[in-house]
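The next block holds one structure in the form of structure tokens; read it before the comments.
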Amino acid sequence: MATADVIAANRLTKRFGDFTAVDAITFNVARGEIFGFLGANGAGKSTAMRMLCGLSTPTSGSGTVAGYDIATQSELVKRHIGYMSQKFSLYGQLTVRQNIALFAGIYGLKSKEIKERCQALAESLDFTKEMDMPVAILPLGQQQKLSFSVATIHNPDIVFLDEPTGGVDPITRRQFWEMIYKKAEEGTTVFVTTHYMDEAEYCGRVSIMVDGRIQALGTPSELKQEYHARNMDEVFRRLARKAQRQ
Amino acid sequence: MIGCAIHITNVSKAFGTVKALDGISLEVNRGEIYGLLGPDGAGKTTLFRILTTLLLPDSGSATVCGFDTVREYTDIRRAAGYMPGRFSLYPDLSVEENLEFFASLFGVKVSDNFDMVAPIYNQLAPFKTRKAGKLSGGMKQKLALCCALIHRPEILFLDEPTTGVDAVSRSEFWDILTHIRQSGMPIFVSTPYMDEASRCDRISLINSGRILETGTLDEILHRNSMPLLAVKGENNYHTLLALRKVEGVKTAFLSGEYIHVFTEEAFEPATLSAIEGVREVKVIAPDIEDVFIKIMGNGNS
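Which chain is which? The protein sequence lines are W and Y, in order. For the first sequence, my numbering assigns the number 1 to the initial residue and increments by one for each residue that follows. For the second sequence, my numbering assigns the number 247 to the initial residue and increments by one for each residue that follows.
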């Protein structure tokens with residue numbers, strides 16, 4: 001890969017008819033970085049993320065993810081990323097082991113590797129009898145930890161996390177962030193969206209989208225200083241209140 | 247107790263082998279916003295369903311506005327406004343059609359009770375012909391609140407009204423609740439988000455079907471005050487691992503840009519400043535999440 005940047009977006013734009021959902025956003029994310037992608041409902045986060053994952057073609061502008069062009073090499077992009085969303089990530093009726101095998105297979109792992117990863121995950125998640133239980137009966141926190149592990153089972157260059165920690169208890173939430181830090185330490189870049197601004201404080205850098213544009217970008221400390229705010233919640237509210245879209 | 251908006255005595259409910267609620271007791275007074283704070287799976291929705299007469303408790307009893315939830319359920323259904331956690335509106339009906347529909351269920355006219363919802367509904371008025379399914383998250387919550395208020399209830403039940411809503415809409419929603427409370431209407435509200443505790447008059451922390459703590463936010467913080475250090479390192483992951491090896495450190499957890507460290511009583515904070523890569527060590531007051539973690543930890547051990 002030519003640069004150390006895992007994401008490079010250059011005036012990335014998506015229009016639906018005469019509505020500009022994402023309006024010429026430019027930003028870079030470096031390898032191993034934890035990048036928070038914030039914005040109010042309807043600010044354009046999901047549309048931008050779909051483009052970065054190779055699921056939607058930009059109207060104009062360009063971008064690379066893991067070194068591949070998101071418009072012309074979207075299949076290669078998909079193979080080098082992981083994706084986890086709170087809404088859908090695992091099959092509840094399948095057991096833990098079956099879910100791991102299914103996703104590892106989709107990501108192209110060989111059956112021998114799958115067996116090894118199953119073993120390694122059982123240890124790191126502290127699952128013993130859980131491996132052969134249906135996922136649906138596990139507590140939500142354990143499901144989310146498993147879901148993150150599955151999304152990164154192929155050691156992708158970057159993992160996209162779409163509101164990963166909604167509703168979990170505070171202990172599990174901190175353990176979840178510890179998993180994220182560990183993965184980033186191992187070199188996986190983490191791209192995360194959240195509505196909860198205390199979570200933004202865990203990120204190395206954050207961007208805040210308003211009406212399709214990136215209005216602010218920096219480390220949480222820089223943004224708090226720039227907006228004379230005590231916390232990220234204040235920064236966010238100051239920016240998002242200016243939104244015109246409904 | 248007379249005058250209590252909600253009175254819950256030792257309510258339990260199991261689903262198969264899972265104890266969803268395990269001996270819950272609490273009281274909600276007139277004119278207060280009472281918050282039930284806990285993670286998914288704590289039992290919040292089960293308690294709401296029992297109080298709104300949609301589910302029978304296995305044991306224990308509860309009254310709402312003085313009516314028994316089992317024997318006098320029809321009275322409660324008239325008296326209560328209920329906003330369930332999942333989107334409860336008809337997505338194919340417009341904003342105004344939804345409001346009219348819910349009014350008609352209770353045999354009232356929107357025009358007779360419009361004062362109840364006017365401040366909220368006026369924010370939605372520009373979109374009144376839009377289908378409810380096409381509204382943004384924040385607007386859906388506002389419409390659902392209007393529909394729960396339109397029959398002029400005596401008490402309001404809101405089950406996770408702010409889940410999945412962005413920070414600005416969330417804050418606006420709490421402003422609305424504070425305004426409604428001024429009319430004297432008691433509001434029983436649940437949330438998985440600890441930072442919303444400061445918007446409630448009193449709260450209960452709930453986990454695994456049991457109440458962990460009850461009181462005002464200040465009371466709970468005061469009762470659970472403890473030595474807590476916030477530490478920041480050049481690389482918080484490395485620092486976290488290093489801190490856990492230090493003698494006298496009980497627990498260390500990531501918490502935003504800091505690591506929160508609980509220590510033994512006599513611990514000297516300067517010990518941590520000496521660790522390689524540590525940039526900042528300060529003594530802080532625990533917030534409600536720290537308290538929740540501490541109490542949860544006690545329950546586990």
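All C-beta atoms, glycine included, are put in the ideal place defined by N, C-alpha and C.
Legend entry - N-terminal and C-terminal residue of the alpha helix (DSSP H) that residue 115/W is part of: Residue 115/W -> alpha helix (DSSP H) spans 111 to 124.
Inset, instruction - Report yes if the CB atom of residue 422/Y is closer than 8 Å to the CB atom of residue 284/Y, and no otherwise. - result: No; because the gap between Cβ atoms is not below 8 Å, this pair is not in contact.
Legend entry - C-beta atoms of residue 36/W and residue 206/W nearer than 8 Å: Yes; because the gap between Cβ atoms is below 8 Å, this pair is in contact.
Legend entry - Under the three-state DSSP convention, the category residue 476/Y falls into: Correct three-state label for residue 476/Y: strand.
Inset, instruction - Apply the 10 Å Cβ neighbour rule to residue 462/Y and answer buried if 16 or more other Cβ atoms are within range, or exposed otherwise. - result: Burial call: exposed.
Inset, instruction - Using alpha carbons as the reference points, say which of 23/W, 8/W and 17/W lies closest to residue 30/W. - result: The residue among 23/W, 8/W and 17/W with its C-alpha nearest the C-alpha of residue 30/W is 8/W.
Inset, instruction - At 8 Å on the CB atoms, spell out the chain W contacts of residue 503/Y, in chain order. - result: Neighbours of residue 503/Y on chain W, chain order: 201, 202, 220 and 221.
Inset, instruction - Identify whether residue 546/Y lies in helix, strand or coil by the three-state DSSP scheme. - result: Model confidence at residue 546/Y stands at a pLDDT of 46, short of 50, so the residue's coordinates are unreliable; what they give is reported in the following sentence. Looking at residue 546/Y - three-state DSSP - the assignment turns out to be helix.
Inset, instruction - Taking the CB atoms as reference points, tell me whether residue 41/W and residue 415/Y lie closer together than 8 Å. - result: Closer than 8 Å, so yes.
Legend entry - Contact check, residue 27/W vs residue 158/W, beta carbons under 8 Å: Contact flag unset, no.
Inset, instruction - Check whether the Cβ atoms of residue 396/Y and residue 435/Y lie closer than 8 Å to each other. - result: For the 8 Å CB-CB criterion, residue 396/Y and residue 435/Y do not form a contact.
Inset, instruction - Using 10 angstroms around the beta-carbon of residue 529/Y, count the other beta-carbons present and answer buried if the total reaches 16, otherwise exposed. - result: Under this definition residue 529/Y is an exposed residue.
Inset, instruction - Quick one: using the 10 Å Cβ neighbour count with 16 as the cut-off for buried, is residue 289/Y buried or exposed? - result: Classification of residue 289/Y: buried, given that the 10 Å Cβ count is 16 or more.
Legend entry - Collapsed DSSP secondary structure at residue 499/Y in the structure displayed: Taken through DSSP and simplified to helix, strand or coil, residue 499/Y comes out as strand.
Legend entry - Contact with chain W by residue 535/Y, beta-carbon distance below 8 Å: It does; some Cβ of chain W falls within 8 Å.
Inset, instruction - With a threshold of 7 Å, establish whether the CB of residue 227/W neighbours any heavy atom of the ligand ADP. - result: The model on display carries no ligand, and the ligand ADP is accordingly not part of it.
Inset, instruction - Just the C-alpha distance for residue 550/Y and residue 523/Y, rounded to the nearest angstrom, thanks. - result: Since the first residue shown for chain Y is 247 and the last is 547, residue 550/Y is missing from the structure and cannot be characterised.
Inset, instruction - Have a look at residue 342/Y and residue 374/Y and give me their C-alpha separation to the nearest angstrom. - result: Rounded to the nearest angstrom, the two C-alpha atoms are 5 Å apart.
Inset, instruction - Measure from the C-beta of residue 125/W to each C-beta in chain Y and report whether the shortest distance is under 8 Å. - result: Any Cβ of chain Y closer than 8 Å to the Cβ of residue 125/W would place that residue at the interface, and such an atom is absent.
Inset, instruction - Examine chain Y for any beta-carbon lying closer than 8 Å to the beta-carbon of residue 154/W, and answer yes or no. - result: Not closer than 8 Å to any Cβ of chain Y, the Cβ of residue 154/W fails to qualify, so no.
Legend entry - Beta-ladder partner(s) of residue 253/Y, from DSSP: Residue 253/Y pairs with 273/Y and 309/Y.
Legend entry - Those residues which DSSP pairs with residue 538/Y across a bridge: Beta-bridge pairing links residue 538/Y to no other residue.
Inset, instruction - Determine the direct distance from the alpha carbon of residue 261/Y to that of residue 306/Y, and round the result to whole angstroms. - result: C-alpha separation (whole angstroms): 16 Å.
Inset, instruction - Report the rounded CA-to-CA distance for residue 10/W versus residue 361/Y, giving the unit in angstroms. - result: Linking residue 10/W to residue 361/Y through their CA atoms gives a straight-line distance of about 50 Å.
Legend entry - Range of the contiguous alpha helix (DSSP H) that encloses residue 14/W: Unbroken run through residue 14/W is the beta strand (DSSP E), 5 to 16; no alpha helix (DSSP H).
Legend entry - Which of helix, strand or coil DSSP assigns to residue 155/W: In the three-state DSSP reduction, residue 155/W falls in the coil class, being neither helix nor strand.
Legend entry - Backbone CA spacing between residue 202/W and residue 189/W [nearest angstrom]: If you take the alpha carbons of residue 202/W and residue 189/W, they lie about 14 Å apart.
Legend entry - Residues of the stretch 42 to 59 of chain W with Cβ closer than 9 Å to any Cβ of chain Y, in chain order: Legend: CB atoms of the stretch 42 to 59 of chain W lying less than 9 Å from CB atoms of chain Y belong to residues 42 and 43.
Legend entry - Selection from 175/W, 21/W and 237/W that minimises the alpha carbon distance to residue 56/W: For residue 56/W, the nearest C-alpha among the options comes from 21/W.
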